[in-house]
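**Q**
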Amino acid sequence: MTGSDPRTASAAPLTGPAAPCWVTLMTRNLETAERFYGQVLGWSFRPGRLGADFSVAYRGDIPVAGVFAVSSTYQVAVAWTPYFAVEDADVAAARVRERSGTVAVGPLTLGKGRGVLASDRDGASFGLWERTEASTSPPAPADHAHAWLRLRTRNAFDAAIFYGEVLDWASGRPGCCDVAYEGDEVIVRCEGHPLARISSGAVEAAVDPLVRPHWQVQFPVVDLAATVSAAGLHGGALVEERTGFGGTEVTLRDPDGALFAVTDVRSPA
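Letter by letter, the sequence shown follows residues 4 to 272 of my numbering.
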């Protein structure tokens with residue numbers, strides 16, 4: 004059985020107006036992406052409010068990701084990107100620049116909010132999202148998520164400081180995410196639920212994209228072997244398999260070249 008796993012207890016929800024994050028796929032062909040992720044992760048798709056080149060992926064009635072087709076004439080990487088919720092996109096974008104990060108696009112008004120595409124000072128791409136209208140979609144249940152995140156970076160502690168200052172993590176403000184240093188990694192928790200892991204060791208000049216600094220979107224699945232098999236049958240490819248405490252993570256490449264991970268690990272922590 005393929006399909007994302009609804010039983011991801013204790014993970015931070017990534018959907019809804021109060022969610023700390025949202026994930027979006029930039030792809031070349033919307034129809035190909037919908038067909039692939041529908042077969043591999045069991046998603047359905049509905050048109051979004053941003054035009055014919057944008058759709059929203061659903062698991063049941065819950066929105067789990069955005070899919071945006073970009074023309075090959077634009078210099079935009081085919082990739083999965085996390086968008087972190089902020090109160091003010093202008094302020095957050097200025098913080099990125101002040102800390103030697105890069106703002107590539109925005110803030111731009113898009114649908115019910117304002118978005119920014121940026122990268123940290125080690126080159127990992129991420130987004131910022133300021134919601135300007137109330138959400139009409141039901142939020143994910145409070146005890147699970149449809150995805151979580153992992154940042155592979157040069158130095159986890161330096162990255163935690165950068166994102167903490169940009170996104171108000173560990174600031175003591177109501178509703179902010181907390182940061183914990185556990186062993187050689189950093190764990191980000193929102194309202195007590197783990198959202199992301201940050202690990203050291205990435206090399207900016209590496210040829211291998213898995214070794215360069217990057218945010219990886221991970222989707223927990225019911226049957227890891229069946230999911231990997233379905234990806235291969237529908238034009239994807241297995242890139243890397245990592246087995247450790249808690250289970251196995253498999254990095255896959257979709258037909259358009261975007262990297263993502265599927266895992267039988269029940270929590271990002």
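Note that the Cβ used here is the ideal one computed from N, Cα and C, for glycine as well. Please read all numbers here as calculations on a predicted model, not as lab measurements.
What residue from 168, 228, 260 and 184 has the CA that sits closest to residue 104's CA?
**A** Of the listed residues, the one whose Cα sits closest to residue 104 is 168.
**Q** For residue 88, which residues in the same chain have their Cβ closer than 6 Å to its Cβ, ignoring the five residues on either side in sequence?
**A** So the qualifying residues of the chain are 23 and 132.
**Q** Go ahead and pull the three-state DSSP assignment for residue 232.
**A** Residue 232 falls in the helix class under three-state DSSP.
**Q** Could you have a look at residue 44 and say whether DSSP puts it in helix, strand or coil?
**A** Helix at residue 44.
**Q** Please determine, among 135, 101, 55 and 126, the residue with the shortest C-alpha to C-alpha distance to residue 114.
**A** Nearest option by C-alpha distance: 135.
**Q** Per DSSP, what kind of secondary structure is residue 170 in: helix, strand or coil?
**A** Helix.
**Q** Taking residue 94 as part of the alpha helix (DSSP H), name the residues at either end of that continuous run.
**A** 92 to 101 is the span of the alpha helix (DSSP H), which, as asked, contains residue 94.
**Q** Can you confirm whether the region 178 to 191 touches the region 218 to 233 when touching is taken to mean that 3 or more C-beta pairs between the two stretches lie within less than 8 Å?
**A** These segments do not touch.
**Q** In terms of residue numbering, what span does the beta strand (DSSP E) encompassing residue 127 cover?
**A** Segment: none, residue 127 is in no beta strand (DSSP E) and carries neither H nor E.
**Q** When we look at the beta-carbon of residue 120 and count the other beta-carbons within 10 Å, is it buried (16 or more) or exposed?
**A** Buried is the call here.
**Q** Judging by CA-CA distance, which residue of 122, 86 and 149 is the nearest neighbour of residue 269?
**A** The shortest Cα separation from residue 269 among 122, 86 and 149 belongs to 149.
**Q** Tell me the DSSP bridge mates of residue 187?
**A** Answer is none; residue 187 lacks a bridge partner.
**Q** Could you check which residue in 217, 265, 264 and 260 has the C-alpha nearest to that of residue 129?
**A** For residue 129, the nearest C-alpha among the options comes from 217.
**Q** Are the CB atoms of residue 258 and residue 48 nearer to each other than 7 Å?
**A** No. Outside cutoff.
**Q** Please report the Cβ distance between residue 81 and residue 260, rounded to the nearest whole angstrom; I am assuming they are in contact, meaning their Cβ atoms lie under 8 Å.
**A** Confirmed, Cβ separation roughly 5 Å.
**Q** Quick check: residue 165 and residue 220, are their CB atoms within less than 7 Å of each other?
**A** No, the pair does not count as a contact, with Cβ atoms beyond the cut-off.
**Q** What residue from 41, 93 and 26 has the CA that sits closest to residue 281's CA?
**A** As displayed, the chain neither begins before 4 nor continues past 272, which places residue 281 out of reach and without an answer.
**Q** Determine the direct distance from the alpha carbon of residue 228 to that of residue 93, and round the result to whole angstroms.
**A** Approximately 43 Å, taken between the alpha carbons.
**Q** At which residues does the beta strand (DSSP E) containing residue 254 begin and terminate?
**A** Segment 250 to 256, the beta strand (DSSP E) holding residue 254.
**Q** Report all residues from its chain with a CB closer than 7 Å to the CB of residue 254; omit the five preceding and five following residues, and keep chain order.
**A** Excluding sequence neighbours, residue 254 sits near 213, 242, 243, 262 and 264.
**Q** Tell me which same chain residues have a C-beta within less than 7 Å of the C-beta of residue 124, skipping the five on either side of it?
**A** Same-chain partners within the cutoff: 102, 103, 104 and 165.
**Q** Residues in the same chain with beta-carbon distance under 6 Å from residue 51, minus the five sequence neighbours each way, listed in chain order, please.
**A** Around residue 51: 57, 58 and 59.
**Q** Given this structure, state the Cα-to-Cα distance separating residue 106 from residue 95, to the nearest angstrom.
**A** Straight-line Cα distance between these residues: approximately 10 Å.
**Q** Report all residues from its chain with a CB closer than 7 Å to the CB of residue 256; omit the five preceding and five following residues, and keep chain order.
**A** So the qualifying residues of the chain are 239, 240, 242 and 262.
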